[in-house]
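All remarks here apply to the structure that follows.
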Amino acid sequence: MKQLIIIICTLFLISPLYVNGQGCMEPTSDDGVSVVGYIQPQVEYRFLGDDLRANNLDESSFYFNRVRLGVVGSIPYDFSYYAMTELSPTKGGPIILDAYVSYNRLGPWATISVGQFRSPFGLELSTPCHKLHTINRSQVVETLAGPFRDMGFMISGGTDTLSFFGSKTTNFFGYNIALMNGTGKNVMDDNRKKDLVGRVTIHPFDFITIGASYRFGKHPTLVEGATDDERSRYGFDLELKYNDFMLQGEYISGSDVGSYTTGGGCDAGEVIVHQGSVDREGFMVQAMYRTPWNLQPVIKFETYDPNIIAEESNDRINTMTLGLNVFPNDWTRVQINYLYNAEKGAEIPNDEILVQVQALF
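My numbering puts the sequence shown at residues 130 to 490.
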């Protein structure tokens with residue numbers, strides 16, 4: 130309780146524009162400090178089948194997916210700040226998620242940020258948490274795009290209204306380049322070396338955006354006397370928009386030398402370190418249509434292979450998500466998702482139904 134009180138008091142005592150797009154929330158006014166946040170109460174039902182004695186193993190629970198509270202504002206002149214906490218106990222709260230200061234004098238061409246923020250990698254990770262089209266991010270993003278948040282230094286920007294090759298789009302070229310610890314949120318670095326993380330986008334026409342991402346870092350080995358472990362990631366993404374229809378796709382490949390981690394996706398869960406090298410990959414494709422009745426059906430297919438070089442590997446997981454997003458107003462959203470999980474090897478009962486209600490403030 131004392132930790133929670135300290136975090137909340139700190140947020141409200143920060144002395145009083147727009148901050149860079151890394152933040153999950155935007156200011157509600159242009160002057161001074163804005164208190165922002167949202168809550169996401171959720172219910173899930175997991176179909177786990179029966180055991181050998183015919184006892185039903187299904188699970189269900191109500192819980193908070195996210196409870197976010199933060200502040201955003203400007204400091205004259207040319208500086209802005211963003212701080213966001215996670216209060217949900219299912220996400221390990223209360224903890225600090227984002228806390229950074231930005232220098233905006235060179236914007237929109239370049240904004241310089243220092244602090245803790247989301248890693249600028251990929252399409253779905255770059256999508257604010259309260260604007261995700263499905264309740265969960267894709268498995269490949271959860272596994273390979275992390276650490277989701279980290280301490281570091283970032284330069285981000287775009288070409289704004291500058292025209293290239295006759296194109297009239299805003300931000301024909303955009304970029305985010307960061308130097309980060311590589312150890313995750315709220316953790317001191319474990320060596321002098323840093324991770325290089327970056328994403329670039331090209332937006333030649335109003336209906337299309339193409340992105341590419343890269344990450345590389347070295348970390349202390351778990352084996353005495355061995356060279357540093359290496360982690361490298363690259364990804365490509367595509368977004369097509371036509372009126373109220375949207376199609377998105379993303380591919381990520383990762384190579385880990387010396388050791389690799391599992392777990393810890395979406396700022397929650399235990400991160401487990403495994404000895405050995407591994408290559409992993411996966412992709413997702415999702416389509417959605419916003420109807421005139423504020424209903425948005427969503428269909429999403431994703432696949433993830435946790436070891437692409439293993440002979441006769443049966444570990445690949447395919448997931449189909451059927452969803453419906455309901456928007457009663459500008460501040461409230463209801464999401465209903467059915468997840469059909471199909472393993473390449475022996476299929477096991479593990480489908481899920483998720484229902485989430487979101488309220489912004």
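Don't be surprised by glycine CBs; every beta carbon is placed ideally from N, CA and C. Values in this document were obtained by computation on a predicted structure and should not be read as measured data.
Looking at the structure shown, is residue i part of a helix, part of a strand, or coil, going by DSSP?
i    : result
P249 : coil
V316 : coil
H259 : helix
P170 : strand
T288 : coil
K220 : helix
L376 : strand
T450 : strand
P145 : Here P145 scores only 38 on pLDDT, less than 50, and its place in the model should not be relied on; the value that follows carries that caveat. If DSSP states are grouped into helix, strand and coil, P145 belongs with coil.
L493 : Because the chain in this structure spans residues 130 to 490, residue 493 falls outside the shown range and cannot be described.
G152 : Residue confidence for G152 is low, a pLDDT of 48 falling below 50, so the modelled location carries little weight; the figure read from the coordinates is stated next. Three-state result, G152: coil.
E271 : helix
L367 : strand
L226 : strand
L254 : helix
R77  : Here the chain has residues from 130 to 490 only, and residue 77 is not among them.
D480 : strand
T139 : The pLDDT assigned to T139 is 44, lower than 50, so where the model puts this residue is not dependable; a value taken from the coordinates is nonetheless given after this. If DSSP states are grouped into helix, strand and coil, T139 belongs with the helices.
R344 : strand
F176 : strand
S296 : coil
K322 : coil
I437 : coil
L235 : coil
T391 : strand
S382 : strand
F282 : strand
G411 : strand
K429 : strand
F456 : coil
T350 : coil
T461 : strand
G311 : coil
P333 : strand
I306 : strand
S513 : Residue numbering for the chain in the displayed model covers 130 to 490; residue 513 lies beyond these limits and cannot be assessed.
S163 : strand
F542 : Since the first residue shown for the chain is 130 and the last is 490, residue 542 is missing from the structure and cannot be characterised.
Would residue i and residue j qualify as a contact pair, given that the criterion is a beta-carbon distance under 8 Å?
i    : j    : result
S209 : N194 : no
S292 : F334 : no
Y167 : L489 : yes
T214 : I204 : no
I284 : I241 : yes
Q245 : D279 : yes
T390 : V402 : yes
T263 : K370 : no
Y418 : D373 : yes
K323 : G311 : yes
L483 : N466 : yes
N454 : V427 : yes
E495 : S382 : Absent from the structure is residue 495, since the part of the chain shown begins at 130 and ends at 490.
S361 : F336 : no
Q377 : Q415 : yes
L261 : P478 : no
Y206 : Y229 : no
Can you tell me the Cβ-Cβ gap for residue i and residue j, rounded? I've got them flagged as a contact below 8 Å.
i    : j    : result
P249 : V196 : No, P249 and V196 are not in contact; Cβ-Cβ is about 25 Å, not under 8 Å.
V269 : F412 : 7 Å
G275 : P237 : Contact doesn't hold; Cβ gap of about 28 Å is too wide.
L308 : F277 : With 8 Å as the limit, L308 and F277 do not qualify as a contact, their Cβ atoms being about 17 Å apart.
G202 : S163 : 6 Å
G387 : T350 : 5 Å
L252 : E379 : 5 Å
V407 : N443 : At roughly 16 Å, the Cβ-Cβ gap does not stay under 8 Å, so V407 and N443 are not in contact.
V165 : G199 : 6 Å
N305 : R328 : 5 Å
R175 : E472 : Not confirmed; about 15 Å, so no contact.
When you compare the CB of residue i with every CB in chain D, is at least one pair closer than 8 Å?
i    : result
A212 : In the structure shown, chain D cannot be found, because there is only a single protein chain.
Quiz item: Which runs of the beta strand (DSSP E), 3 residues or longer, sit entirely within the stretch 195 to 220?
Solution: Segments of the beta strand (DSSP E) lying fully in the stretch 195 to 220: 208 to 215.
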